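Chemist: Quick note: the sequence shown, position 270, residue 260 per my numbering, numbers continuous.
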Amino acid sequence: MRLKRKIYVTQTFLPPRAELDRYIDIIYDNHQLTNKGPLHEELEQKLRSFLNVKHLHCVGNATLALQLAMRALQITEGDVITTPFSYAATVTSIIWERCTPVFADIRADTLTLDPAKVEQAITARTRAIMPVHVFGYACAVDDLQKIADTHGLKIIYDAAHVFGAKYKGKSLLDYGDVSVCSMHATKHFHTAEGGFCVSREEDVSSRIELLRRFGHNNNDHYMAGINAKLSEPHAAIGLANFKHLPEIFEARKQITARYNARLSNKLQRHNQQEGLEPNYAYYPVQFASEAQLLHVFNVLEQLGVYPKRYFYPALNTLPYLEHKADCPVAEDIASRSACLPLFYGLEDYEIDLICDTINSSI
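Structure, rendered in structure tokens:
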């Protein structure tokens, strides 16, 4: 059996055109394209309700959201402890805010920050911790919060991957001082480009609100803000997608189950954590070695299937960093980890062919 199309690691979900056009008509009727228009307001309200969080602010992208979180928490100098196993934006957001990223290694079982390594990395310069819920796996939120409370530190969660995921009965976005989620086109809920901040405290929420729109209310200026607003066309895409969330989640759950049933046990996968209600955002696997990964990638690409190395290289090895650290667990896992295709519309025969090819290749 041969594939009828090329298959990439993800494919953007697009709502029926007529449903999107209904929101575009509202934009044309209102002649408002940005500045907290009615679609922006509606999207924020729907997200607050769906995620059961009180303070939520949509912005242009999740990288901006990380930077706004740091500014809102007044982290403008010193060290921020973070993970080497993430996308580069986690680290670059820290650098752009003129702080220094300090790396602590990860746990091999969850791929998230190791609390013991975090505690060892704390110094008098440490101002905050920026953990990442990688692939939707929950960080050790209770242990990290205890560490933060003991040392007087803030926690900003890079929660780009956990839209819709719950841990211990509540949204994973409702942990830490601020959590940041992505609504990029590669995510299962998206606005083409976009992100949002979830804050637990009223005063932090108020600062984020001001910071994202230049720091002023009309002619009253309070702080040096930036333009981080989400536009009405982006909100329109989000609203058109929103009603399809149940079918998107269910489809991704079924694809995950099919992978689980058909992939060889020689391929390392991670079990669902106790207390975690996953969102099936990614299907990560670990090969026995980098050489095996590259071999399987070559075979799959000849078939027309393009998985992706997530995350490579380990961020502590980036060439532009002034301060580096040895993180052997993250470096090893980064060298042999990948995500397999997972998106709404991936067909059963395609999943089966991917699995059979991988199984025979390893």
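Where a beta carbon is used, it is the ideal one built from N, C-alpha and C, also for glycine.
In this text, all values refer to a predicted model and were calculated from it rather than measured experimentally.
(1) Looking at the secondary structure, which residues open and close the beta strand (DSSP E) in which K144 lies?
(2) Quick one: is Y147 buried, meaning 16 or more other Cβ sit within 10 Å of its Cβ, or exposed?
(3) Just to confirm, are R242 and Y270 a CB contact at a threshold of 9 Å?
(4) Where H313 and L(-7) are concerned, what is the direct C-alpha to C-alpha distance, given to the nearest angstrom?
(5) Determine whether the Cβ of A128 lies closer than 9 Å to any Cβ atom of chain C.
(6) Over the uninterrupted beta strand (DSSP E) stretch that includes F186, give me the two end residues.
(7) What does a CB cutoff of less than 6 Å around A315 pick up in its chain, not counting 5 residues either side in sequence?
(8) What do you reckon, are the CB atoms on T100 and A138 nearer than 9 Å?
(9) Relative to the ligand COA, is the shortest distance from any of its heavy atoms to the C-beta of D69 smaller than 8 Å?
(10) For the region 182 to 195 and the region 159 to 174, state whether three or more C-beta atom pairs, one from each stretch, are separated by less than 8 Å.
(11) Taking DSSP's pairing of strands, which residues face C48 in a bridge?
(12) Name the DSSP beta bridge partners of V275, please?
(13) Going by beta carbon distance, what residues of the same chain come within less than 8 Å of I17, once the five residues before and after it are set aside?
(14) What runs of the beta strand (DSSP E), each 3 residues or longer, lie entirely inside the region 92 to 176?
(15) If you draw a straight line from the alpha carbon of N51 to that of K256, how long is it in whole angstroms?
(16) For K296, which of P331, F277 and R259 has the nearest alpha-carbon?
(17) Using 9 Å as the threshold, is the C-beta distance between T2 and A175 below it?
(18) Report the rounded CA-to-CA distance for A79 versus L54, giving the unit in angstroms.
(19) Anyone know if the C-beta pair for V122 and C329 falls short of 9 Å?
(20) Given a cut-off of 9 Å on the beta-carbon distance, is the pair L390 and R115 in contact?
Modeler: So, to answer that:
(1) As a first step, residue 144 must be located in the sequence shown, where it is residue number 154. K144 to D148 is the extent of the beta strand (DSSP E) around K144.
(2) Here residue 147 refers to the residue found at position 157 when the sequence shown is read from its first residue. So Y147 ends up on the buried side.
(3) Taking the first residue of the sequence shown as position 1, residue 242 is located at position 252. Taking the first residue of the sequence shown as position 1, residue 270 is located at position 280. Cβ atoms of R242 and Y270: closer than 9 Å.
(4) Taking the sequence shown and counting its residues from 1, the one referred to as residue 313 is at position 323. Taking the sequence shown and counting its residues from 1, the one referred to as residue -7 is at position 3. Looking at the two C-alpha atoms, the distance is approximately 46 Å.
(5) Chain labels in this structure do not include chain C; a single protein chain is all it has.
(6) The count along the sequence shown starts at 1 and reaches residue 186 at position 196. Its beta strand (DSSP E) spans residues G185 to S189.
(7) Here residue 315 refers to the residue found at position 325 when the sequence shown is read from its first residue. Contacts found: F93 and N306.
(8) Along the sequence shown, one-based indexing puts residue 100 at 110. Along the sequence shown, one-based indexing puts residue 138 at 148. Cβ atoms of T100 and A138: not closer than 9 Å.
(9) Within the structure as shown, the ligand COA is missing, as the structure has no ligands at all.
(10) Touching, yes, given that three or more Cβ pairs across the two stretches are closer than 8 Å.
(11) For this step, residue 48 is matched to residue 58 along the sequence shown. C48 is bridged to F186.
(12) Within the sequence shown, residue 275 is the residue found at index 285, counting from 1. Bridge partners of V275: A328.
(13) On the sequence shown, residue 17 is found 27 positions in, with the first residue counted as 1. Same-chain partners within the cutoff: L23, G27, L29, E222, P223 and A226.
(14) For the beta strand (DSSP E) assignment, the uninterrupted runs of no fewer than 3 residues enclosed by the region 92 to 176 are, from N- to C-terminal side, 116 to 120, 144 to 148 and 168 to 172.
(15) Within the sequence shown, numbered from 1, the residue matching residue 51 stands at position 61. Within the sequence shown, numbered from 1, the residue matching residue 256 stands at position 266. Each residue's alpha carbon lies about 38 Å from the other.
(16) On the sequence shown, position 306 is the one that residue 296 refers to. In the sequence as displayed, the identity of residue 296 is Tyr instead of Lys. Nearest option by C-alpha distance: P331.
(17) Here residue 2 is taken as the residue at index 12 of the sequence shown, counted from 1. Here residue 175 is taken as the residue at index 185 of the sequence shown, counted from 1. T2 is a Cβ neighbour of A175, given a cutoff of 9 Å.
(18) The residue you call residue 79 lines up with position 89 of the sequence shown. The residue you call residue 54 lines up with position 64 of the sequence shown. Answer to the nearest angstrom: the Cα atoms are 9 Å apart.
(19) Indexing the sequence shown from 1 puts residue 122 at position 132. Indexing the sequence shown from 1 puts residue 329 at position 339. Not a contact, by the Cβ cut-off of 9 Å.
(20) Given that the chain is displayed from residue -9 to residue 352, the structure contains no residue 390 and the question cannot be resolved.
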